[in-house]
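Working notes, beginning with the structure itself.
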Amino acid sequence: MAVKPQVQRTIFLIFFLMVPAGLWFTYHYSPPHFSGNWMNIFAFLLLTLVVASMPIVINEMFIFLIQWVALATFLKFGLFVEIVFAQAAVISLLIKLRVLKNGQLFRLPLNLIMFFIVSFVSGMVYYLLGGQTGPNLAHDRHALLLAVLYAVLSYVLNQVIISFNLYFIYKSKVSYFGKDFFVETITTLITLPIGLILYILYNQVGLLALLFVGIPFVSLSIVFNLYYSSQKINEYLQKAAEIGHQLAERLNVNDVIDLFIQKLSEMLSVDYAYIFEVTGEELKLIRRIESGTVMANDMNLSKNEGIIGMVWAKRKAYLFSAKMEWRGITDRYIPSDAESILCVPIVSSKKVIGVLLLASKKKRAYEKFQHMIIDILCSYFAVAIENAKHYERTKRQSERCALTKLYNYRYFENLLSEEFEKLTSFQRQMLSLIILDIDHFKEVNDTYGHQSGNEILCELATRISKLVGNHGTVARYGGEEFVVLLPDATKQEAYQMAEHIRQAIANWPFILSQSIDQKQQQVKITASIGVATAPEDAEDSLALIRHADRALYVGAKRAGRNRVAEYSSC
Numbered sequence: 006m007a008v009k010p011q012v013q014r015t016i017f018l019i020f021f022l023m024v025p026a027g028l029w030f031t032y033h034y035s036p037p038h039f040s041g042n043w044m045n046i047f048a049f050l051l052l053t054l055v056v057a058s059m060p061i062v063i064n065e066m067f068i069f070l071i072q073w074v075a076l077a078t079f080l081k082f083g084l085f086v087e088i089v090f091a092q093a094a095v096i097s098l099l100i101k102l103r104v105l106k107n108g109q110l111f112r113l114p115l116n117l118i119m120f121f122i123v124s125f126v127s128g129m130v131y132y133l134l135g136g137q138t139g140p141n142l143a144h145d146r147h148a149l150l151l152a153v154l155y156a157v158l159s160y161v162l163n164q165v166i167i168s169f170n171l172y173f174i175y176k177s178k179v180s181y182f183g184k185d186f187f188v189e190t191i192t193t194l195i196t197l198p199i200g201l202i203l204y205i206l207y208n209q210v211g212l213l214a215l216l217f218v219g220i221p222f223v224s225l226s227i228v229f230n231l232y233y234s235s236q237k238i239n240e241y242l243q244k245a246a247e248i249g250h251q252l253a254e255r256l257n258v259n260d261v262i263d264l265f266i267q268k269l270s271e272m273l274s275v276d277y278a279y280i281f282e283v284t285g286e287e288l289k290l291i292r293r294i295e296s297g298t299v300m301a302n303d304m305n306l307s308k309n310e311g312i313i314g315m316v317w318a319k320r321k322a323y324l325f326s327a328k329m330e331w332r333g334i335t336d337r338y339i340p341s342d343a344e345s346i347l348c349v350p351i352v353s354s355k356k357v358i359g360v361l362l363l364a365s366k367k368k369r370a371y372e373k374f375q376h377m378i379i380d381i382l383c384s385y386f387a388v389a390i391e392n393a394k395h396y397e398r399t400k401r402q403s404e405r406c407a408l409t410k411l412y413n414y415r416y417f418e419n420l421l422s423e424e425f426e427k428l429t430s431f432q433r434q435m436l437s438l439i440i441l442d443i444d445h446f447k448e449v450n451d452t453y454g455h456q457s458g459n460e461i462l463c464e465l466a467t468r469i470s471k472l473v474g475n476h477g478t479v480a481r482y483g484g485e486e487f488v489v490l491l492p493d494a495t496k497q498e499a500y501q502m503a504e505h506i507r508q509a510i511a512n513w514p515f516i517l518s519q520s521i522d523q524k525q526q527q528v529k530i531t532a533s534i535g536v537a538t539a540p541e542d543a544e545d546s547l548a549l550i551r552h553a554d555r556a557l558y559v560g561a562k563r564a565g566r567n568r569v570a571e572y573s574s575c
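Each residue of the sequence shown is one higher than the last, beginning at 6 in the numbering used here.
Set out below in structure tokens:
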């Protein structure tokens, strides 16, 4: 939630006008009561700072449980000391939460103002109702009632000011009475008796009371935070397992990479993401995402070059919390506003196959345990990439002609069915088919050998592919027959394409280097071609093939070969 600069300046101005003057007034109205016993007041200050620096974390909410110490401090030493301790506690907490280093310095005076108002108003009401410093709570019910009233009023004022800040300073539209309010209310009710016990016990046994009450409370805070940390790690591990299953389901390399980056961005603060693949002696950038946008992959790195090169060379991860930690390392690919960096090797079969680098504009965006989670995810990613590559390689082999590298008959039939479905659903306006057959190809094989025949087939596939380009799909239909599928091409356009192909075959001889007599030779061949177009000539895919084939043999072969013929129902 961004706060406007003028609002931030106003907050600083209010702080300088209110808090120093308020402290001066409080000191003269309610001077501190500690009779020169600096050891006791120092012990209370130490307990206040320790409790403030150890907030309890529940569901990613930081619960600031300083009220019980503040209550005991107020009852024992008076309002001035309690205000000073509260201000010190706020500073300690904000340092713990690293707020002052994240461009939110205005939150320091804002919270100092809030705690000053809460302490000052609650304390003044307490005194106006007859409350005194150092009351005997064990035997005076009226004093106990006033102490409880002071604590309740402090809590209510605190909630009112928080609500004001949310609505008018942060402009938050989220309902205030949510789980945060509920949790803080419960914890305040639980800790209120602890403050009263601390005060009463302190009057009986002195500083030992701080040990009897403070140590169990601090220990409980540590246990809560350790429990929350372990719970958070378990949640991340569960997410990592789910992501691993999702990655394994993807059979396309690009889909695997996209899903991997998407899930990382959902889990962590990721402004920049880079995935490099090891290719020989270099790292090749295969995916580059900056601020959610996929950028051009035009970068190669060598070993020990930059952070990624170091990760590759040393086979270990690096975690940097701020720019100053990696400023001395040359990284031409990392934007200047990046702060936190997490860089992990991608390992498969004990071999580094790539490197992942995540970067955030925030300082301390990544925690140490997240490095472990990313390491696990990179293992899943490596397996998923290998599986996807294997699948794509197998799929290519099943769809391609091993000799010419063109699509094969099976792929062509499936594609033709798909295109006809588009035609019938009006996603296509028309669909043209070209069928080509080499003239007298058996004589070529008999004269120059089958190896030379294969050379001609390969060269012919290259010539047709170059002419067709991205206008259609070329496939080897069988033997010396080739087909070209042209979506949204009219019969006239298909005929012109077929004529270009015929001329490219007839006008330029084929060079043979594997003929029977082992001499390089030039061979001229020709081809006969048939053309048909749907829906003009056919209503289904089989009819389109049959009619193009008829145009080939009746219109071209029987008419003398080396020509293009289009299907005609007449």
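We treat Cβ as the ideally placed atom computed from N, Cα and C, and that holds for glycine.
With the rule of 3 Cβ pairs closer than 8 Å, the region 376-391 counts as touching the region 346-361.
Between serine 274 and lysine 373, the gap from beta carbon to beta carbon reaches 7 Å or more. The three-state reading of DSSP puts serine 430 in coil, since its state is none of H, G, I, E or B. Comparing alpha carbon positions, the residue from Asn459, Leu420, Glu254 closest to valine 489 is Leu420.
Look at tyrosine 207 here: in three-state DSSP terms it is helix. Taking 3 residues as the minimum length, the beta strand (DSSP E) runs contained wholly in the region 320-405 are 323-325, 345-353, 356-365, in order along the chain. Distance from glycine 128 to glutamate 87 at the Cβ level is roughly 7 Å; contact confirmed, criterion being Cβ atoms closer than 8 Å.
In the DSSP secondary-structure assignment, alanine 480 is bridged to Tyr412, Val488. When only Cα atoms are considered, asparagine 302 and tyrosine 338 end up about 11 Å apart.
Within the model, the alpha-carbon separation for tyrosine 371 versus isoleucine 379 is close to 11 Å. Taken in chain order, the complete beta strand (DSSP E) segments of 3 or more residues contained in the region 490-544 are 515-517, 526-528, 532-539. Contact between the region 24-41 and the region 70-85 is present: three or more C-beta pairs spanning the two stretches fall below 8 Å.
Of the other Cβ atoms in all chains shown, fewer than 16 fall within 10 Å of the Cβ of glycine 474; this residue is therefore exposed. Taking the Cβ atoms as the reference, isoleucine 534 lies roughly 11 Å from alanine 509, outside the contact range of under 8 Å.
As a beta-bridge residue in DSSP terms, glutamate 287 pairs with Thr284. In this structure threonine 53 is in contact with phenylalanine 90, their Cβ atoms being roughly 5 Å apart against a cut-off of 8 Å. For leucine 382 and valine 316, the gap between their C-alpha atoms comes out near 17 Å. In the three-state scheme derived from DSSP, where H, G and I count as helix and E and B as strand, glutamate 247 is classed as helix. Judged by DSSP in its simplified three-state form, arginine 551 adopts helix.
Note that the C-beta distance between glutamate 486 and aspartate 545 is not below 7 Å.
Boundaries of the alpha helix (DSSP H) harbouring alanine 57: 43-57, taken from the DSSP string. The region 395-403 makes no contact with the region 447-466; the number of CB pairs closer than 8 Å stays below 3. Minimum Cα-Cα distance from leucine 288 among the listed residues Glu295, Ile280, Asn305 corresponds to Asn305. Counting only the Cα atoms, serine 403 lies some 21 Å from isoleucine 469. Rounded to the nearest whole angstrom, the CA to CA distance from alanine 553 to tyrosine 241 is 59 Å.
When C-alpha distances from glutamine 525 are compared across Ser345, Leu517, Ala532, the shortest belongs to Leu517. With contacts defined as CB atoms closer than 7 Å, alanine 537 and tyrosine 572 qualify as a contacting pair. In the same chain as alanine 246, and ignoring 5 residues on each side of it, no C-beta atom comes closer than 8 Å to its own. The beta carbon of lysine 410 is closer than 6 Å to none in its chain, skipping five residues each way along the sequence. The continuous stretches of alpha helix (DSSP H) do not include valine 569, which lies in the beta strand (DSSP E) extending over residues 569-571.
Looking at Phe49, Asn459, Gln72, Val479, the one whose alpha-carbon comes closest to that of phenylalanine 417 is Val479. Beta-bridge annotation (DSSP): tyrosine 132 is not paired with any residue.
DSSP places tyrosine 279 within a strand segment (E or B) once states are collapsed to three. DSSP places leucine 225 within a helical segment (H, G or I) once states are collapsed to three.
Under the criterion of beta carbons closer than 8 Å, threonine 531 and alanine 511 qualify as touching, at roughly 5 Å. Non-local C-beta neighbours of leucine 158 in its own chain, meaning closer than 7 Å and more than five positions away in sequence, comprise Ser127, Val130, ordered along the chain.
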